[in-house]
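Protein chains in written order, with the working numbering: chain R, 1 to 183; chain W, 1 to 183; chain Y, 1 to 183; chain A, 1 to 183.
Beta carbons are placed, not taken as given, at the ideal position from N, Cα and C, and that holds for glycine.
Keep in mind it's a predicted model, so treat the numbers as computed, not measured.
Notes to accompany the following structure.
Protein chains: 4
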Amino acid sequence: MQELIKYGKKIVTAGLAHSHFGNVSKRVGDQMLISTTGSMLDELDGQIVTVPIDSASPDELDVIASTEVNVHRAIYKATSALAILHGHSKYAVVESLLHESQIVPEDSESIYFLHEIPVVTGGIGSEELARNAASALRDHKGTIVRGHGTFARGATVDEAFVILSSIEHACMVKYLLDTARKS
Amino acid sequence: MQELIKYGKKIVTAGLAHSHFGNVSKRVGDQMLISTTGSMLDELDGQIVTVPIDSASPDELDVIASTEVNVHRAIYKATSALAILHGHSKYAVVESLLHESQIVPEDSESIYFLHEIPVVTGGIGSEELARNAASALRDHKGTIVRGHGTFARGATVDEAFVILSSIEHACMVKYLLDTARKS
Amino acid sequence: MQELIKYGKKIVTAGLAHSHFGNVSKRVGDQMLISTTGSMLDELDGQIVTVPIDSASPDELDVIASTEVNVHRAIYKATSALAILHGHSKYAVVESLLHESQIVPEDSESIYFLHEIPVVTGGIGSEELARNAASALRDHKGTIVRGHGTFARGATVDEAFVILSSIEHACMVKYLLDTARKS
Amino acid sequence: MQELIKYGKKIVTAGLAHSHFGNVSKRVGDQMLISTTGSMLDELDGQIVTVPIDSASPDELDVIASTEVNVHRAIYKATSALAILHGHSKYAVVESLLHESQIVPEDSESIYFLHEIPVVTGGIGSEELARNAASALRDHKGTIVRGHGTFARGATVDEAFVILSSIEHACMVKYLLDTARKS
Numbered sequence: 001m002q003e004l005i006k007y008g009k010k011i012v013t014a015g016l017a018h019s020h021f022g023n024v025s026k027r028v029g030d031q032m033l034i035s036t037t038g039s040m041l042d043e044l045d046g047q048i049v050t051v052p053i054d055s056a057s058p059d060e061l062d063v064i065a066s067t068e069v070n071v072h073r074a075i076y077k078a079t080s081a082l083a084i085l086h087g088h089s090k091y092a093v094v095e096s097l098l099h100e101s102q103i104v105p106e107d108s109e110s111i112y113f114l115h116e117i118p119v120v121t122g123g124i125g126s127e128e129l130a131r132n133a134a135s136a137l138r139d140h141k142g143t144i145v146r147g148h149g150t151f152a153r154g155a156t157v158d159e160a161f162v163i164l165s166s167i168e169h170a171c172m173v174k175y176l177l178d179t180a181r182k183s
Numbered sequence: 001m002q003e004l005i006k007y008g009k010k011i012v013t014a015g016l017a018h019s020h021f022g023n024v025s026k027r028v029g030d031q032m033l034i035s036t037t038g039s040m041l042d043e044l045d046g047q048i049v050t051v052p053i054d055s056a057s058p059d060e061l062d063v064i065a066s067t068e069v070n071v072h073r074a075i076y077k078a079t080s081a082l083a084i085l086h087g088h089s090k091y092a093v094v095e096s097l098l099h100e101s102q103i104v105p106e107d108s109e110s111i112y113f114l115h116e117i118p119v120v121t122g123g124i125g126s127e128e129l130a131r132n133a134a135s136a137l138r139d140h141k142g143t144i145v146r147g148h149g150t151f152a153r154g155a156t157v158d159e160a161f162v163i164l165s166s167i168e169h170a171c172m173v174k175y176l177l178d179t180a181r182k183s
Numbered sequence: 001m002q003e004l005i006k007y008g009k010k011i012v013t014a015g016l017a018h019s020h021f022g023n024v025s026k027r028v029g030d031q032m033l034i035s036t037t038g039s040m041l042d043e044l045d046g047q048i049v050t051v052p053i054d055s056a057s058p059d060e061l062d063v064i065a066s067t068e069v070n071v072h073r074a075i076y077k078a079t080s081a082l083a084i085l086h087g088h089s090k091y092a093v094v095e096s097l098l099h100e101s102q103i104v105p106e107d108s109e110s111i112y113f114l115h116e117i118p119v120v121t122g123g124i125g126s127e128e129l130a131r132n133a134a135s136a137l138r139d140h141k142g143t144i145v146r147g148h149g150t151f152a153r154g155a156t157v158d159e160a161f162v163i164l165s166s167i168e169h170a171c172m173v174k175y176l177l178d179t180a181r182k183s
Numbered sequence: 001m002q003e004l005i006k007y008g009k010k011i012v013t014a015g016l017a018h019s020h021f022g023n024v025s026k027r028v029g030d031q032m033l034i035s036t037t038g039s040m041l042d043e044l045d046g047q048i049v050t051v052p053i054d055s056a057s058p059d060e061l062d063v064i065a066s067t068e069v070n071v072h073r074a075i076y077k078a079t080s081a082l083a084i085l086h087g088h089s090k091y092a093v094v095e096s097l098l099h100e101s102q103i104v105p106e107d108s109e110s111i112y113f114l115h116e117i118p119v120v121t122g123g124i125g126s127e128e129l130a131r132n133a134a135s136a137l138r139d140h141k142g143t144i145v146r147g148h149g150t151f152a153r154g155a156t157v158d159e160a161f162v163i164l165s166s167i168e169h170a171c172m173v174k175y176l177l178d179t180a181r182k183s
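Spelled out as structure tokens, the structure:
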């Protein structure tokens with residue numbers, strides 16, 4: 001839990017999410033710790049609940065868990081992820097609206113770590129979004145929901161943070177390059 | 001009062017206001033707590049005064065309250081707001097000078113939470129500004145005064161912060177998208 | 001001295017200077033407290049010396065004072081300033097290289113507080129720079145040395161910080177507006 | 001060691017590196033203190049190891065040292081550097097992909113301190129990268145590996161930080177100027 005609190009603060013400090021947008025979770029067996037709906041990522045103390053991974057047996061705490069708990073569930077079921085971070089970083093959102101199905105990074109670090117970044121679609125909180133994000137994360141460590149934000153997975157919260165942060169890095173570098181070349 | 005002090009710091013840290021620009025208030029019955037004129041939002045300790053909502057019965061503390069106390073009064077009278085935050089965030093100011101009467105966000109989060117962002121006019125400290133901002137906030141949670149900055153309202157200081165922050169997010173995303181498409 | 005240490009940190013946190021660039025001073029009678037050469041503005045504890053305003057009677061501490069002490073002297077002699085802050089903020093530097101003799105802000109706050117921002121020339125550490133900056137600050141509260149950075153004056157360190165910060169605000173807003181209109 | 005921990009934090013706070021990218025080292029005789037592979041620069045406590053400068057006598061700790069330890073070794077052998085900082089700052093990466101062999105700064109500070117910034121090539125972790133970076137740093141205090149990031153050297157960690165920070169300053173100013181002129 002301390003880990004989620006710590007990385008919540010790091011996400012906000014790094015500009016990868018703002019105010020009450022974004023959410024974080026960590027898998028522990030067949031349950032997950034997840035931030036509550038409406039909580040601010042830089043103030044998660046007392047704002048983390050435990051709910052089951054399996055949506056067939058929802059917990060009474062489901063009602064206060066992040067409204068995107070369904071996306072986290074779908075990702076944990078479809079992948080080996082043990083941690084998921086979701087942020088609304090600005091260049092990722094922008095690039096997802098400028099590219100159809102994927103973003104191909106141009107900086108060495110992102111080419112090496114991310115290969116390409118799939119862009120998926122789906123309304124906020126919808127099952128379509130949950131399905132598409134989970135599907136994209138089978139083969140990639142991060143994905144951007146078009147116009148919405150990034151979901152990053154990892155074997156640890158730390159690893160998911162590296163992916164969340166790298167996707168914003170890749171998108172900002174690519175945006176600046178494309179703007180310079182086109183102008 | 002501690003809440004206003006805390007959110008004053010958060011506003012500056014998030015880059016939503018700078019130096020002594022911006023002001024914050026909270027309604028308590030028929031009075032409001034408001035930051036003093038010339039105070040720095042990240043150092044509001046000892047810089048908050050209580051004045052009446054009704055401008056017909058101004059308090060002697062009015063002279064040290066924010067010079068935009070008239071805007072706060074007009075908003076509290078016209079709406080159900082219990083908190084108002086005002087900041088000079090850069091992309092909001094820029095977008096308000098590029099769009100005539102409203103800004104239509106393109107990211108999902110802003111479409112969902114803000115719908116559109118009305119742009120109003122009025123000289124700094126003028127009754128026209130107070131009237132226009134209050135009028136725009138009847139139907140919206142935030143508005144941008146052209147070339148000046150954002151006023152956000154909420155049932156709580158927390159909610160007003162989400163709106164202030166979301167408007168800058170929406171404006172930065174839109175600015176970057178428009179620049180990329182036009183270049 | 002505590003005031004200079006505090007505002008040194010605020011300048012770096014606000015992105016108005018970086019690493020060891022920039023310097024700060026405060027007038028006390030016919031002397032000034034000034035940051036030492038090579039000191040980091042966010043770590044000024046133990047890095048502030050007192051030297052005379054009058055350059056005809058330099059102090060032995062002159063050798064460790066900021067290499068731009070001559071600019072501070074010229075400004076204190078030419079104006080009523082009691083505090084001077086100098087930073088290398090990025091948009092101010094950029095705008096000073098894009099505009100010949102002055103920058104005319106477009107946001108209400110900067111129009112109201114700054115009117116226009118004079119751009120002056122002069123090599124780093126030169127008497128020409130000192131003379132030009134001092135001359136510009138007779139009628140303005142801030143000036144940008146072309147390609148170099150901003151000098152802001154005030155009756156207090158606080159006021160000089162507002163000017164330093166406002167000039168960057170004005171320049172960033174103007175840069176973004178001009179880029180959007182031209183593209 | 002405290003110095004590396006402190007500057008690791010400053011690098012992240014200043015936005016010159018993110019998550020676990022970037023690394024730092026300091027030469028002490030024929031050994032160097034260097035951050036471990038995968039460590040976060042803002043959390044280096046307990047994440048610094050000592051390995052020999054001479055790669056002919058690698059230490060068992062080599063396996064946990066930064067994967068770019070070979071670049072640090074090559075630089076220490078080729079130059080008088082006593083400290084090396086490596087970060088992935090965004091405008092440096094962008095400018096290195098827009099310019100063939102070097103970046104010529106336009107702001108006075110960078111012209112004075114950096115002259116020009118050589119751009120070198122080489123795959124992540126390769127001997128080619130190590131050789132090229134070391135060669136470029138014989139005559140310059142900093143270099144950018146194309147699409148990857150900046151290596152800065154100094155007689156002290158402090159000096160290397162000034163160079164790392166100045167290169168990002170130079171690149172951001174140049175990027176903004178070029179975009180404004182071309183649009």
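Under 8 Å, with one C-beta from each stretch per pair, do the stretch 40–55 of chain W and the stretch 8–19 of chain A reach the 3-pair mark?
The answer is no - the stretch 8–19 of chain A does not touch the stretch 40–55 of chain W, with fewer than three Cβ pairs under 8 Å.
Which term fits Ala160/R, buried or exposed, when burial requires 16 or more other beta carbons within 10 angstroms of its beta carbon?
Classification for Ala160/R: buried.
Please report the Cβ distance between Tyr175/Y and Tyr91/Y, rounded to the nearest whole angstrom; I am assuming they are in contact, meaning their Cβ atoms lie under 8 Å.
Between Tyr91/Y and Tyr175/Y the Cβ distance is about 5 Å, and since that is below 8 Å, they are a contact.
Between the alpha carbons of Leu33/Y and Ser96/Y, how many angstroms are there, rounded?
Roughly 28 Å separates the two Cα atoms.
Beta carbons nearer than 9 Å to chain W: which residues of the stretch 124–149 of chain R have them?
Going along the stretch 124–149 of chain R in chain order, one finds Ile124, Val145, Arg146, Gly147, His148, Gly149 with a Cβ nearer than 9 Å to chain W.
Between Asp178/Y and chain A, is the shortest Cβ-Cβ distance under 8 Å, so that the two count as touching?
Yes - at least one Cβ of chain A is within 8 Å of the one on Asp178/Y.
If you follow the alpha helix (DSSP H) that Gly8/A is in, where does it begin and where does it stop?
Note, Gly8/A: alpha helix (DSSP H), 2–13.
Buried or exposed: where does Arg138/R fall if 16 or more other Cβ atoms within 10 Å of its Cβ makes it buried?
It counts as exposed.
Could you tell me which residues DSSP pairs with Ala152/R in its beta bridges?
For Ala152/R, which the question treats as bridged, DSSP gives the partners Leu85/R, Gly142/R.
Can you tell me whether Ala74/R sits near the ligand ATP, meaning its C-beta is under 7 Å from at least one heavy atom of the ligand?
Here there are no bound small molecules, and the ligand ATP is not part of this structure.
Within the 8 Å Cβ cut-off, does His169/R reach chain A?
Closer than 8 Å: yes.
Give every residue of the same chain whose Cβ lies closer than 6 Å to the Cβ of Arg27/Y, excluding the five residues on either side of it in the sequence, and list them in chain order.
Closer than 6 Å at the Cβ level, and outside the excluded window around Arg27/Y, lie Tyr76, Leu82.
On the DSSP letters alone, give me the boundaries of the alpha helix (DSSP H) that Thr179/A sits inside.
From DSSP, the alpha helix (DSSP H) with Thr179/A extends over 157–182.
Name the residues in the stretch 95–125 of chain W whose C-beta lies less than 7 Å from a C-beta of chain R; which are they?
Within the stretch 95–125 of chain W, the residues whose Cβ lies closer than 7 Å to some Cβ of chain R are Glu106, Asp107, Ser108, Glu109, Tyr112, listed in chain order.
Measuring alpha carbon to alpha carbon, tell me which of Gly46/R, Gln31/R, Ile48/R, Arg73/R ends up nearest Ala130/R.
Measuring from the Cα of Ala130/R, the nearest candidate turns out to be Arg73/R.
For the alpha helix (DSSP H) that contains Leu114/R, what are its first and last residues?
Residues 108–114.
Within 10 angstroms of its Cβ, does Thr179/Y collect 16 or more other Cβ (buried), or is it exposed?
It counts as buried.
Between His99/R and the rest of its own chain, which residues show a CB-CB distance below 7 Å, the 5 nearest in sequence each way excluded?
Hits under 7 Å: Val119.
Can the beta-carbon of Val173/Y be found closer than 8 Å to that of His20/W?
No. Outside cutoff.
Does Asp45/R pass the burial test, meaning 16 or more other C-beta atoms within 10 Å, or should it be called exposed?
With fewer than 16 other Cβ atoms within 10 Å, it is exposed.
Going by DSSP, what residue range makes up the beta strand (DSSP E) through Ile117/W?
Per DSSP, Ile117/W belongs to the beta strand (DSSP E) from 117–120.
What residue from Cys171/W, Thr150/W, Val157/W has the CA that sits closest to Leu4/W's CA?
When only C-alpha atoms are compared, the closest one is Val157/W.
Can you name the start and end residues of the alpha helix (DSSP H) that Ser35/W belongs to?
Note, Ser35/W: premise wrong, no alpha helix (DSSP H); beta strand (DSSP E) at 31–35.
With distances taken between CB atoms, is the gap from Leu61/A to Val94/Y smaller than 8 Å?
Cβ distance not < 8 Å, so Leu61/A and Val94/Y don't count as in contact.
So, helix, strand or coil for Ser25/W, using DSSP?
Looking at Ser25/W - three-state DSSP - the assignment turns out to be strand.
Shortest alpha-carbon distance to Glu68/A belongs to which of Val145/R, Glu109/R, Lys10/R, Thr150/R?
Out of Val145/R, Glu109/R, Lys10/R, Thr150/R, Glu109/R has the C-alpha closest to the C-alpha of Glu68/A.
Classify Val104/A as helix, strand or coil using the three-state DSSP reduction.
Looking at Val104/A - three-state DSSP - the assignment turns out to be coil, as it is neither helix nor strand.
Using a Cβ-Cβ cut-off of 8 Å, state whether Lys90/R counts as contacting chain W.
With 8 Å as the cut-off, Lys90/R counts as an interface residue toward chain W.
Excluding the 5 residues preceding and the 5 following His169/W in the sequence, name in chain order all residues of the same chain whose CB lies nearer than 8 Å to its CB.
Correct list, in chain order: Asp107, Glu109, Ser110.
Against Ala160/W, what residues of chain R qualify as contacts under a CB-to-CB distance less than 9 Å, listed in chain order?
Neighbours of Ala160/W on chain R: none; closest Cβ ~10 Å, over 9 Å.
For chain R, check one thing: does any of its Cβ atoms lie closer than 8 Å to the Cβ of Tyr7/A?
No, its Cβ sits nowhere closer than 8 Å to a Cβ of chain R.
Am I right that Thr167/W and Ala152/W are in contact with their C-beta atoms under 8 Å? What's the rounded C-beta distance?
Per the sequence shown, residue 167/W should be read as Ile rather than Thr. Yes, they are in contact, since the Cβ atoms of Ile167/W and Ala152/W sit about 7 Å apart, within 8 Å.
Do you know whose CA, among Val49/R, Lys6/R, Gly22/R, lies nearest Ser89/R's CA?
Considering only alpha carbons, the answer is Gly22/R.
Give a yes or no on whether the minimum CB-CB distance between Ser35/R and chain W is below 8 Å.
Output row for Ser35/R: interface = no.
Chain A beta carbons: is any one of them nearer than 8 Å to that of Met32/R?
Answer no: the Cβ-Cβ gap between Met32/R and chain A never drops below 8 Å.
By alpha-carbon positions, which one of Ser25/W, Asp59/W, Thr150/W ends up nearest to Gln47/W?
When only C-alpha atoms are compared, the closest one is Ser25/W.
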